[in-house]
Every structure is written in structure tokens, then in C-alpha cells.
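Since the structure comes first, as C-alpha cells, the remarks are kept for the end.
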Amino acid sequence: MVTIAVTTEEADEPRVAVSPETVKKLIGLGAKVKVQSGAGLRSRFADEQLMAAGAEIAASAADTATGADILLKVRRPSVDEVKGLKPGAMVFSILSPYDDRPGLDALAGTKAALFSMEFMPRITRAQSMDVLSSQANLAGYKAVVDAAAMFGQAVPMMMTAAGTVPAAKTFIMGVGVAGLQAIATARRLGAIVSATDVRPATKEQVASLGAKFIAVEDDEFRQAQTAAGYAKPMSAEYQKKQAELVASHIKIQDMVITTALIPGRPAPKLITREMVASMKPGSVIVDLAAERGGNCELTEPGKTVEVGGVKIAGPLNLAGTVPVNASSLYAKNLLTFIETMFDKKEKKLAVNWDDEIVKGTLVAKDGAIVHPSLAQKPA
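This note's numbering puts the sequence shown at residues 545 to 923.
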């Protein structure tokens, strides 16, 4: 029987890699699920709930992982955790493979098969396994809720006998999954919403959510997307024109949410200190790219700072601030991926190592780093 282990995360990570719902389904595949006592508490999954779903509760991380075939984590596990697994066991987590390369090499040295969920291919079949999307969706929502709380004024327009309260102006920079959810949330709260992105295809998405699209829409902009849907590098001339447009727009905004984040690279700087200085006191910036240095020049990762009366928040794990939902979605992403590796009739593992989603996410196997993007150490 395949044993799946789930251990407690570090103190700064409230999410967990399993839920009562996914425990039942993993057991239905023919697996035994062992969960470290207390692993789900911060996501409101008590040991009793997990036990009722069929999980076995173990006292420590070592007791949980020893002899297991699969380890499920949110963040990168420790070498000690992985060493306790069966030889050649599989590990599924958000590995942050571009960070701490020596640590990743040490983990690969355990000879476990390491799967990085961030590398899930963006294909239709893998949408339900896409961790970045499920967590970014929640981050986009929470960014607007937090911004509204920090703003300290009403967000929707209110017409009262004593006068009219104006609607807050909200600007979303970057229209990916997080940006689209931020637009939708800000609109639900009653804000006047605008958004920008360098990909022309996003204009229609922004309009469909009732927001105004802000961009320099010249010939270069109309050609700014690759066949695969990614943004092309823009000329210095275009970047200058776009920056001027954004600068004139940002000075009248109450709340700004930035979401431009590229895994493994420093975040692009979209908001300069001069732009911040032009904003009204009481305005708020929530920078979802803080983990990669931030989209705002003045962002301090993990902190909220105030510069000239403008509050700038640089949260590092916004999805983790809604851990019940984040853990439920993450656990479902993992379950859907693992289901593809089981022979449902024989109720045993049957991994197709040539499957594109397996190859796409596999970082290390048999003691070696195997993912093409990690074959050579980053400079």
C-alpha cells in the first residue's frame, strides 16, 4: 500500500498540504495517509476531522515521514524529513527552485523525486493542478480587502442626506490571475477600477469586469504578445510613453495593487519613488511582487511602510492569510496531480515519467537536478 505523509509547515506558513476532503479521496485511490499531529490546525483542520476522514495521526515529523512513499508539503521540506522517506520516494511542494540552490542540491542528494508545483505546465489538462493560479486568485482578493482596510475611508460611493461620499479609485497593475480577481473584488466593493497590462489580449478581460483599461495603444502595443500568450519585451521608447501615462494616472488613485511577478527573476519596477510622492496622503499600495523585490521602488518585503503619507504594503504570503481556502485549494491541486499517477484498478502507483505534466514539474530524480531550467546554476 502506498503511504502518503503530510508534515507540519514552519511557523511562518499557516497552510497545509491536505484537507479532510482530499484525505478521503487519497484513501479512495488505495493509499494510506499519515498526518503529523497539529499540521492542519492553522487551516482549521483539526486532527479529529482528518482522522474522521480516514487519516492516521502521527506524533512527530519523523514518525509521519518514516517509510512513506510520498511526502506532501506546502513549502520546501527539510533534508531530514526527506531522508526518512522510502528510497526513491516522491516529494510534492512549492519548492521555490530558484532560491537557495545549495539547499535544493542537498535535497536532490537524498535521491527522492522532487516535484515543484510552480512548474505545472499552463495547459488545459493541468488547470485543476495549477497551484500558482489557485493561490494567486486568493492573493488578488485579499490584496484589495487589505488595501480597503488600510485606506481607512469608504470604498463605494454613498449618497446621503449629509452629502455624497465619493467612490475610491483603484488601479490594478498586471492583469493575470491575481489582477483579474483584484479587479473583480474592487468592483464588488464599489470602487472605480482601472487596470493596465502590456498584453493587448487583457484589454477585453479588463472591460468584461467593468474596469477601464489604461495603456499606450500604439502599433507596438498591438504586436506585444507572443503566440503563446506571453508579453514581448517592449522598446525603450514605448516603456517611456507607458511610464508617463501611468505616472499621470497613479497620482489620482486611492488604492494601487501591483501583481507583476515572474518566477526566478527580480520583479519589474512599475512604481517609482516619484510616482509615490505624487500620490495623495492616505493612498495605499499593496505590492504582490514583494517576494521578488517588489514592483514599487519603495516596497520593503514583509513590511508595511509609510512614505509621505502613502502606505506601501509588501506582503510575502497573502494567500496564507486566508489559510482555510488556500489549503483547501492547494490540497485539491495536489490530489488532482497525484491521481494521474495512480492505477485506479490496481490501486497502486503507476507513474508515466514521459507525461508532459510529470516532466514539466520534475526537478530532481535519482540524486540529480533534471529540470532544464535548473540544469546550470543561475549566475
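Quick reminder that beta carbons are idealized off the backbone N, C-alpha and C, glycines included.
Keep in mind the model is a prediction, meaning the values are calculated, not measured.
task: Give the secondary structure of residue 576 by DSSP, where H, G and I count as helix, E and B as strand, and everything else as coil.
output: strand
field: Start and end residues, alpha helix (DSSP H) containing residue 878
entry: 867-883
- prompt: Rounded to a whole number of angstroms, what is the C-alpha to C-alpha distance between residue 926 and residue 675?
  reply: Because the chain here runs from 545 to 923, residue 926 falls outside it and cannot be looked at.
message: In whole angstroms, give me the CA-to-CA distance for residue 762 and residue 727.
response: 24 angstroms
- request: Output yes or no for whether 8 angstroms exceeds the beta carbon distance between residue 837 and residue 642.
  value: no
Counted within 10 angstroms of its Cβ, other Cβ atoms place residue 896 as buried (16 or more) or exposed: When all chains shown are included, residue 896 counts as exposed.
query: Comparing the C-beta of residue 574 with each C-beta of chain E, is any distance below 8 angstroms?
result: As a matter of chain content, chain E is missing from the structure shown, which is built from one protein chain.
- prompt: Hey, which unbroken runs of the beta strand (DSSP E) at 3 residues or more fall wholly within the segment 659-730?
  reply: 702-704, 707-709 and 713-717
message: Taking the straight line between their C-alpha atoms, what separation do you get for residue 852 and residue 818?
response: 11 angstroms
query: Given residue 766, which residues of its chain have a CB within under 6 angstroms of its CB, disregarding the five upstream and five downstream residues?
result: 744
message: To the nearest angstrom, how far is the alpha carbon of residue 561 from that of residue 795?
response: 42 angstroms
DSSP state of residue 589 mapped onto helix, strand, coil: coil
message: Whole angstroms are fine: how far does the CA of residue 801 sit from the CA of residue 750?
response: 14 angstroms
- prompt: With a Cβ-Cβ cutoff of 8 angstroms, do residue 584 and residue 610 count as a contact?
  reply: no
query: What separation, rounded to the nearest whole angstrom, lies between the Cα atoms of residue 874 and residue 672?
result: 10 angstroms
- prompt: Hey, out of 553, 758, 683 and 677, whose CA is closest to residue 621's CA?
  reply: 553
- request: Kindly indicate which three-state DSSP category residue 769 falls into: helix, strand or coil?
  value: Here residue 769 sits in strand by DSSP.
- request: Answer yes or no: do residue 709 and residue 698 have a C-beta to C-beta separation smaller than 8 angstroms?
  value: yes
- prompt: For residue 651 versus residue 626, is the C-beta distance shorter than 8 angstroms?
  reply: yes
task: Would you tell me roughly how many angstroms separate the C-alpha atoms of residue 619 and residue 812, rounded to the nearest one?
output: 25 angstroms
query: What's the call for residue 866, buried or exposed, on a 16-neighbour Cβ count within 10 Å?
result: That one is buried.
task: Go ahead and label residue 729 buried or exposed: buried means 16 or more other beta carbons lie within 10 angstroms of its beta carbon, across all protein chains shown.
output: Of the residues assessed, residue 729 falls on the buried side of the cut-off, its CB having 16 or more other CB atoms within 10 angstroms.
query: Where residue 496 and residue 909 are concerned, what is the direct C-alpha to C-alpha distance, given to the nearest angstrom?
result: Residue 496 is absent from the model: the chain starts at 545 and stops at 923.
query: Hey, how far is the Cα of residue 706 from the Cα of residue 691?
result: 26 angstroms
Residue 577 to residue 695 span [Cα, whole Å]: Straight-line Cα distance between these residues: approximately 44 angstroms.
query: Excluding five sequence neighbours on each side, which residues of the same chain lie with their C-beta closer than 7 angstroms to the C-beta of residue 805?
result: 811, 832, 833 and 836
- request: Measure the C-alpha to C-alpha separation of residue 656 and residue 912 and round it to an integer number of angstroms.
  value: Looking at the backbone, the Cα of residue 656 and that of residue 912 are separated by about 10 angstroms.
task: Can you tell me which of the three DSSP states residue 799 falls into?
output: strand
message: Going by DSSP, what residue range makes up the beta strand (DSSP E) through residue 831?
response: 828-831
With 16 other Cβ atoms within 10 Å as the buried cut-off, status of residue 588: exposed
- request: State buried or exposed for residue 644, treating a residue as buried only when at least 16 other CB atoms are found within 10 Å of its CB.
  value: exposed
- request: Leaving out five residues on either side along the sequence, give the residues of the same chain with a beta carbon under 7 angstroms from the beta carbon of residue 764.
  value: Within the same chain, 778, 779 and 782 come within 7 angstroms of residue 764 by CB-CB distance, once the 5 residues on both sides are set aside.
- prompt: Residues in its own chain within less than 6 angstroms of residue 661 by CB, not counting five upstream and five downstream?
  reply: 638 and 675
query: From 725, 768, 846 and 701, pick the residue whose C-alpha is nearest to that of residue 735; which is it?
result: 701
query: The beta strand (DSSP E) spanning residue 600 covers which residue range?
result: Unbroken beta strand (DSSP E) run through residue 600: 600-602.
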